[in-house]
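Take a look at the structure set out below.
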Amino acid sequence: MKTILVTGGTGYIGSHTVVSLIENNYEVIIVDNLSNSKLEVLNRIEKITGKKPVFYQISVQNKDEMRQIFEKYHIDAIIHFAGLKSVKESVEKPDLYFSNNVGSSKVLLELMDEYNVKNLVFSSSATVYGVPKRVPLYEDDPIGGCTNPYGQTKVDIEILLNEYYKTHKDSNIAILRYFNPIGAHSSGLIGEDPQGVPNNLMPYITQVAVGRLPYLNINGNDYKTVDGTGVRDYIHVVDLASGHLSALKKLEEKPGLVIYNLGTGKGTSVLELVHAFEKANKIKIPYVIAPRRPGDVDENYANCDKAWKEMGWKAKLDIVDACRDSWRWQSKNPNGYDK
Ligand code: NAD
Ligand code: UD1
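For the sequence shown, our numbering gives the first residue as 516, with consecutive numbering after it.
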């Protein structure tokens, strides 16, 4: 496989994956409507790789504009990152989330059918498991029961992909369920750049560290966990990026529809992550204990044996690497991609 269409390629995970793709000699075409990313990302990718990827500012929902890409290029595979991802916003604007996330996936499948594109890698999420009955989570654990529209869009898209596969048995689809991506490229040139006050833990910590926020709110210390704070499976975004290259290789074996958890298999509590950050970067992170966030679960982490057995992929970096790299990115770019 050579030419890869990357939707959402200027976003956080997409940009790191594009770097890995270019470094591994793939031709990359990015489609992104820049609803949650910046054009500057392309310059940063060029700085790292020496190559500026082909870029189209298009919404994947716009079938006519998307068709032009399928007309112009012979696409070997698609990696579909494009989507809105804020749990909070999805509760306020569920229709937007369903039309954008599910709608763009439908457009892609229609164009894959029309232009005979056989290979797709899709960004799913651990959120599809809803409230876990047990941890670690395995790929064949039940999905659904999501407490928010964002999670439901991922479940709906997974169902859509399964339906598509039933009528397109010669297609190859890898559904990747990411756990909690953190970290940044080791150059400090690309990283996570949330709009407004971050909802997620690591960008909140780095914004406290850089002085944009006064202190961290730890949401709950009475969970049934090692120290009472929530436990998650934090995976370095560079490992996550390499998981996509492994998935593309896997698709070359024509496996049909496959599903993999991408995590580390290890749970880390909020306090453990804060302390790891402090130790790695020699910076104190002031915090207060705040109320629980509605919908949060005690523990959520992956079993990742399947990805290792079937794709030869596993996470190589740990939370110390991620804390160091997240801080390098934030300290070099205190305001993200904005100067
Ligand atoms: P991100 O917001 O940084 O990247 C998503 C990109 O998609 C953005 O650049 C945005 O502008 C673009 N986009 C959104 N709607 C679009 C549309 N209709 N057409 C074209 N572009 C569009 O998010 P991310 O963290 O890089 O996440 C990438 C994917 O992985 C998303 O689908 C997300 O739901 C999924 N995911 C993310 C996480 C996480 O914690 N970051 C966890 C699990 C799954
Ligand atoms: C959240 C989403 C999930 C989404 C993922 C993307 C919810 C309920 N879940 O997962 O659907 O796929 O982001 O990365 O929103 N925490 C604090 N203080 C903060 C922020 C977070 O203590 O300021 C705690 C949380 O309570 C949790 C942990 O840190 O225990 C991780 O939170 P977060 O980074 O938001 O990820 P998830 O909640 O796992």
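Think of the CB as a built atom: it goes at the ideal place given N, C-alpha and C, for glycine as much as any other residue.
For residue i and residue j, I'd like the C-alpha separation in whole angstroms.
{"i": "residue 562", "j": "residue 682", "result": "43 Å"}
{"i": "residue 602", "j": "residue 551", "result": "14 Å"}
{"i": "residue 675", "j": "residue 578", "result": "18 Å"}
{"i": "residue 531", "j": "residue 801", "result": "30 Å"}
{"i": "residue 576", "j": "residue 790", "result": "42 Å"}
{"i": "residue 714", "j": "residue 808", "result": "11 Å"}
{"i": "residue 822", "j": "residue 780", "result": "11 Å"}
{"i": "residue 565", "j": "residue 534", "result": "10 Å"}
{"i": "residue 647", "j": "residue 583", "result": "42 Å"}
{"i": "residue 792", "j": "residue 701", "result": "16 Å"}
{"i": "residue 730", "j": "residue 692", "result": "31 Å"}
{"i": "residue 706", "j": "residue 685", "result": "36 Å"}
{"i": "residue 627", "j": "residue 765", "result": "19 Å"}
{"i": "residue 788", "j": "residue 834", "result": "7 Å"}
{"i": "residue 593", "j": "residue 636", "result": "6 Å"}
{"i": "residue 536", "j": "residue 737", "result": "42 Å"}
{"i": "residue 597", "j": "residue 524", "result": "7 Å"}
{"i": "residue 739", "j": "residue 813", "result": "6 Å"}
{"i": "residue 624", "j": "residue 785", "result": "38 Å"}
{"i": "residue 845", "j": "residue 721", "result": "6 Å"}
{"i": "residue 825", "j": "residue 782", "result": "23 Å"}
{"i": "residue 805", "j": "residue 727", "result": "19 Å"}
{"i": "residue 590", "j": "residue 547", "result": "16 Å"}
{"i": "residue 769", "j": "residue 638", "result": "19 Å"}
{"i": "residue 839", "j": "residue 660", "result": "35 Å"}
{"i": "residue 703", "j": "residue 757", "result": "18 Å"}
{"i": "residue 795", "j": "residue 540", "result": "33 Å"}
{"i": "residue 747", "j": "residue 662", "result": "17 Å"}
{"i": "residue 742", "j": "residue 753", "result": "28 Å"}
{"i": "residue 581", "j": "residue 517", "result": "19 Å"}
{"i": "residue 759", "j": "residue 734", "result": "32 Å"}
{"i": "residue 716", "j": "residue 599", "result": "18 Å"}
What are the start and end residues of the alpha helix (DSSP H) that includes residue i?
{"i": "residue 716", "result": "716-724"}
{"i": "residue 822", "result": "820-826"}
{"i": "residue 767", "result": "752-767"}
{"i": "residue 536", "result": "527-538"}
{"i": "residue 834", "result": "834-847"}
Could you spell out the range, first to last residue, of the beta strand (DSSP E) harbouring residue i?
{"i": "residue 518", "result": "518-522"}
{"i": "residue 805", "result": "802-805"}
{"i": "residue 775", "result": "772-777"}
{"i": "residue 728", "result": "Where residue 728 is concerned, there is no enclosing beta strand (DSSP E), given that its DSSP letter is neither H nor E."}
{"i": "residue 697", "result": "695-697"}
{"i": "residue 812", "result": "Segment: none, residue 812 is in no beta strand (DSSP E) and carries neither H nor E."}
{"i": "residue 636", "result": "634-640"}
Per DSSP, what kind of secondary structure is residue i in: helix, strand or coil?
{"i": "residue 747", "result": "strand"}
{"i": "residue 733", "result": "strand"}
{"i": "residue 705", "result": "coil"}
{"i": "residue 792", "result": "helix"}
{"i": "residue 741", "result": "coil"}
{"i": "residue 550", "result": "coil"}
{"i": "residue 558", "result": "helix"}
{"i": "residue 785", "result": "helix"}
{"i": "residue 622", "result": "helix"}
Using 8 Å for Cβ pairs, my map puts residue i next to residue j. What's the rounded Cβ distance?
{"i": "residue 777", "j": "residue 677", "result": "Between residue 677 and residue 777 the Cβ distance is about 19 Å, and since that is not below 8 Å, they are no contact."}
{"i": "residue 588", "j": "residue 694", "result": "Between residue 694 and residue 588 the Cβ distance is about 32 Å, and since that is not below 8 Å, they are no contact."}
{"i": "residue 775", "j": "residue 673", "result": "Contact doesn't hold; Cβ gap of about 13 Å is too wide."}
{"i": "residue 831", "j": "residue 819", "result": "Actually they are not in contact, since the Cβ atoms of residue 831 and residue 819 sit about 12 Å apart, beyond 8 Å."}
{"i": "residue 841", "j": "residue 641", "result": "Going by Cβ atoms, the distance from residue 841 to residue 641 rounds to 19 Å, so no, they are not a contact pair."}
{"i": "residue 585", "j": "residue 664", "result": "Rounded, the Cβ-Cβ distance is 29 Å, inconsistent with contact."}
{"i": "residue 668", "j": "residue 617", "result": "5 Å"}
{"i": "residue 567", "j": "residue 557", "result": "6 Å"}
**Item:** Completely contained alpha helix (DSSP H) runs for the region 642-691, where each covers 4 or more residues
**Value:** Segments of the alpha helix (DSSP H) lying fully in the region 642-691: 664-682.
**Request:** May I have a chain-ordered list of the beta strand (DSSP E) segments no shorter than 3 residues that lie completely inside the region 562-618?
**Result:** At a cut-off of 3 residues, the continuous stretches assigned as beta strand (DSSP E) that sit fully inside the region 562-618 are 569-571 and 592-595.
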